[in-house]
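Everything on this sheet refers to the single structure shown next.
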Amino acid sequence: MIKLGVNIDHVATLRQARRGREPDPVAAAAIAEIAGADQITVHLREDRRHIQTRDLKILRETVRTRLNLEMALEEDVVGIAEKILPDMATLVPEHREEITTEGGLDVVGHRARCFEVVSRLAAKGIAVSMFIDPDEKQVEAAFDVGARIVEFHTGAYANASVAADISAETKRLHEMAELAVSRGITVNAGHGLTYWNVGALVTMAGLHEFNIGHSIVSRAVLVGLERAVADMVTAIRRAETAQLRKM
Ligand code: PXP
Numbered sequence: 274m275i276k277l278g279v280n281i282d283h284v285a286t287l288r289q290a291r292r293g294r295e296p297d298p299v300a301a302a303a304i305a306e307i308a309g310a311d312q313i314t315v316h317l318r319e320d321r322r323h324i325q326t327r328d329l330k331i332l333r334e335t336v337r338t339r340l341n342l343e344m345a346l347e348e349d350v351v352g353i354a355e356k357i358l359p360d361m362a363t364l365v366p367e368h369r370e371e372i373t374t375e376g377g378l379d380v381v382g383h384r385a386r387c388f389e390v391v392s393r394l395a396a397k398g399i400a401v402s403m404f405i406d407p408d409e410k411q412v413e414a415a416f417d418v419g420a421r422i423v424e425f426h427t428g429a430y431a432n433a434s435v436a437a438d439i440s441a442e443t444k445r446l447h448e449m450a451e452l453a454v455s456r457g458i459t460v461n462a463g464h465g466l467t468y469w470n471v472g473a474l475v476t477m478a479g480l481h482e483f484n485i486g487h488s489i490v491s492r493a494v495l496v497g498l499e500r501a502v503a504d505m506v507t508a509i510r511r512a513e514t515a516q517l518r519k520m
């Protein structure tokens, strides 16, 4: 069964709109876990626009499933990860002006730093994943720097609107997942995934988990977080069951 990591950054985005106390991402994490999340994912951004260091510290104590920290290669956050010890660190690119994480980490262009950060986090017992585009050179580079988990950036797939583009992006993700598996790399996927587009990816080779945030939190505003998470678990299970029937 494919696992679901629920990204709760946008619960903190709403709180930061007033710099107040609610909604509390710690409470959101607990509700998401009760509703079926296998992992809680947060991104500690350099500009601290949503999740704060304090949130991370409390989540480390309260999360009962797994805590996945999305983080840039910056020294400041690497030091924080080494102290707080999330179960997994997902290395992501970060640009201050971006609205969200636009594109995967350029492992090819930052080999030495990636190697250093992967080694340091792994030495602390943290599983390390690299958030990369579904690109052959990036998969090989992730392997070379020691990563044994990648999360494929599914943004291009999610943003494609014409059938031919959707099908090309789906094919690219499936092919790169096969390449990753052939190198012994575990495959995760995330970004822009919704209740409607997640199904086509469940057959990706070696797929271990999805990390989904915006779509779940958006639905939660209307129907509640517990139901929004449960609905996503159902969407993934339905797609998995449909695939099993075809086999
Ligand atoms: N995975 C990673 C590595 C991300 O950076 C993000 C966005 O923070 C997500 C998954 C979730 O993306 P979305 O909010 O579009 O579901």
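Residue numbers (my numbering): 274 to 520.
C-beta atoms are modelled at their ideal positions from N, C-alpha and C, and glycine is treated no differently.
In this text the structure is predicted, and so the values were computed from the model without any measurement.
Would you identify the three-state DSSP class for residue i, choosing helix, strand or coil?
i, result
"A383", "According to the sequence displayed, residue 383 carries His and not Ala. H383: helix per DSSP, three-state reduction."
"I458", "coil"
"S402", "strand"
"L346", "coil"
"E424", "strand"
"K356", "helix"
"T335", "helix"
"A433", "coil"
Is the Cβ of residue i closer than 9 Å to any Cβ of chain D?
i, result
"R339", "Absent from the structure: chain D. Only one protein chain is present."
Between which two residues does the beta strand (DSSP E) carrying residue i extend?
i, result
"N470", "It is not in any beta strand (DSSP E) - N470 carries neither H nor E in the DSSP assignment."
"Q312", "Q312 to H316"
"L378", "Counting along the chain, L378 falls outside any beta strand (DSSP E), and DSSP gives it neither H nor E."
"T363", "M361 to L364"
May I ask whether a heavy atom of ligand 1 can be found less than 8 Å away from the beta carbon of residue i?
i, result
"I509", "no"
"T314", "yes"
"L358", "no"
"L466", "yes"
"I353", "no"
"I485", "yes"
"H426", "yes"
"V365", "yes"
"H368", "no"
With respect to the alpha helix (DSSP H) encompassing residue i, which residues constitute its N-terminal and C-terminal limits?
i, result
"V490", "H487 to V496"
"T286", "D282 to Q289"
"A305", "P298 to I307"
"A415", "E409 to D417"
Quick test of your reading: residue i and residue j, contact by CB under 8 Å. State the CB separation rounded to the nearest angstrom.
i, j, result
"N280", "G486", "3 Å"
"A512", "G472", "3 Å"
Report the partner residues of residue i according to the DSSP bridge assignment.
i, result
"K444", "Answer by DSSP bridge pairing: none, since K444 is not bridged."
"K276", "E482"
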